[in-house]
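This report refers to the structure that appears directly beneath it.
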Ligand code: ACO
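Residue numbers (UniProt numbering): 27 to 427.
As structure tokens, then:
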């Protein structure tokens, strides 16, 4: 046992706030979020307006550079991203080294990190031109390698960006076009994906974004910092929740489709099971993204005419949880991941690619926050701790232990 009173305090007062529930790590101009009122804005624009009236690259430009682009700027941005969609051929050797069964998020994190080997020059954030080029390079290459993680897992040949098509349409083609013939993405699908990417574009200091800022605060490069963000996003309590939601729904379906049974499991404090896609650290009223996405999900399912028992279970679960006292009293509402998984499934995206989809959407946010952190010349992130281990102990040789 450790006698804490005997520890010499060398540090003055230290605040302990596990999980940073109440600690700010920076000042930021990127995203405004009010968890009580369910408000989310990028650079002052409401998420509702952006999701309805803008496109993903337009929103990416806004999030990263602070202003909505003019038509000229937007066309230029899209062209400049296109210039950077070729990925070094040697990256393919790295992909070939992974087993087909590797999770796409693990491969994506490794490939993003590997980009540093082919782009070793670190960005001078004070040089606007250099920063702009780094943004376009990241947006271009990340999309392509993200789809390559899927191609690898399927054993399909890797596809290249088609300069005659838009960014989101390219995503679908890069994923699904086979050597047997051209692939035509359904406009309903492209439009739904565009909206989903917008809804994920930034979410202030969440786990993966804080990771990107933290890693970048040591002046590690943009690709290295984003690779760390991908790893942070992978966990089931963060971006991995969208995959976990679908796996949970599939399990309920296999088990007879009894949503109530799983609701009871989630409430049982002796059972570690949680209802995936419910609850949020900051939204304690509702997740505004979930509202938009739920509407989009309904539209997409109706337009595509999808009928799926999994979706029926999701609906039952949602209704039951919203009326349940346990969930109501803890302000546990469906979050964005509950519905995004459902839409991805309807669009034909494989389950273990769901978190990769989130990463593609979140990329502009990671870039914007990294850029802001470096431009603000923030100090290296280095939290303190309160030591609660042993005081000085006498060392005993191995024969005396
Ligand atoms: N199912 C059942 N009970 C839950 C759930 C859930 N999904 N979420 C929270 N609770 C309960 C907790 O057991 C706790 O109960 P108690 O007060 O009786 O002990 C209470 O609600 C508060 O939960 P915390 O874990 O303290 O809340 P926190 O803010 O730390 O966690 C989190 C938020 C991680 C999102 C949590 O709600 C969760 O695990 N949800 C499921 C995973 C998920 O959907 N993650 C995606 C988040 S959104 C995103 O990353 C984009």
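C-beta: ideal position from N, C-alpha, C; glycine also.
Contact between the region 333 to 342 and the region 272 to 282 is present: three or more C-beta pairs spanning the two stretches fall below 8 Å. Non-local C-beta neighbours of residue 100 in its own chain, meaning closer than 8 Å and more than five positions away in sequence, comprise 83, 84, 87, ordered along the chain. The DSSP-derived three-state label of residue 304 is strand.
In the structure shown, residue 255 falls within a helical segment according to DSSP collapsed to helix, strand and coil.
Bridge pairing for residue 65: 60 [DSSP]. Below 8 Å, enough C-beta pairs join the region 137 to 144 and the region 251 to 264 to call them touching: three or more. In this structure, residue 223 has its beta carbon at no less than 7 Å from each heavy atom of the ligand ACO.
The alpha-carbon of residue 65 is positioned some 24 Å away from that of residue 326. In terms of Cβ geometry, residue 203 and residue 185 form a close pair [threshold 8 Å].
Contact check for residue 198 against residue 211 passes: the beta carbons are separated by less than 8 Å.
If you look at residue 288, you'll find it in the alpha helix (DSSP H) that goes 285 to 293. With respect to the C-alpha of residue 76, the residue from 266, 318, 403 having the closest C-alpha is 318.
For residue 233, the enclosing alpha helix (DSSP H) covers residues 233 to 242.
The ligand ACO never approaches residue 343 closely enough for any of its heavy atoms to be under 7 Å from the residue's Cβ. By the C-beta criterion, the region 105 to 121 is judged to be in contact with the region 167 to 174, since at least 3 inter-stretch pairs fall below 8 Å. Assignment of residue 390 by DSSP, reduced to helix, strand and coil, places it in the helix class. Around the C-beta of residue 411, fewer than 16 other C-beta atoms lie within 10 Å, and the residue is accordingly described as exposed. By the Cβ criterion, the region 369 to 388 is not in contact with the region 139 to 157, since fewer than three pairs of Cβ atoms, one from each stretch, lie closer than 8 Å. Here residue 309 carries a coil assignment [DSSP, helix/strand/coil]. Residue 127 and residue 179 have their alpha carbons spaced roughly 6 Å apart. Contact check for residue 395 against residue 161 fails: the beta carbons are separated by 8 Å or more. Excluding residues up to 5 positions away in sequence, 52, 53 lie with their Cβ nearer than 8 Å to the Cβ of residue 402 in the same chain. For residue 279, the CB contacts under 8 Å within the same chain, skipping 5 residues up- and downstream, are 335, 336, 339 in chain order. Rounded to the nearest angstrom, the Cβ distance from residue 89 to residue 391 is 6 Å, consistent with a contact under 8 Å.
Judged by DSSP in its simplified three-state form, residue 298 adopts coil rather than helix or strand.
Comparing alpha-carbon positions, the option among 105, 183, 243 lying closest to residue 192 turns out to be 105. DSSP places residue 72 within a strand segment (E or B) once states are collapsed to three. In this structure, the straight-line span from the alpha carbon of residue 183 to that of residue 369 is close to 26 Å.
Nearest neighbour of residue 214 by Cα position, chosen from 329, 68, 413, turns out to be 329.
Put simply, the backbone Cα of residue 233 is about 7 Å away from that of residue 264. DSSP assignment within the region 188 to 234 yields the following whole alpha helix (DSSP H) runs of 4 residues or more, N-terminal first: 193 to 202, 213 to 226. At least one heavy atom of the ligand ACO lies closer than 7 Å to the C-beta of residue 361. Spanning the alpha carbons of residue 145 and residue 125 requires a straight line of approximately 25 Å.
Within its own chain, the residues whose Cβ lies closer than 6 Å to the Cβ of residue 302, once the five positions on either side in sequence are excluded, are 267, 270, 271, 274, listed in chain order.
Taking a C-beta distance under 8 Å as the contact criterion, residue 130 and residue 176 qualify as a contact pair.
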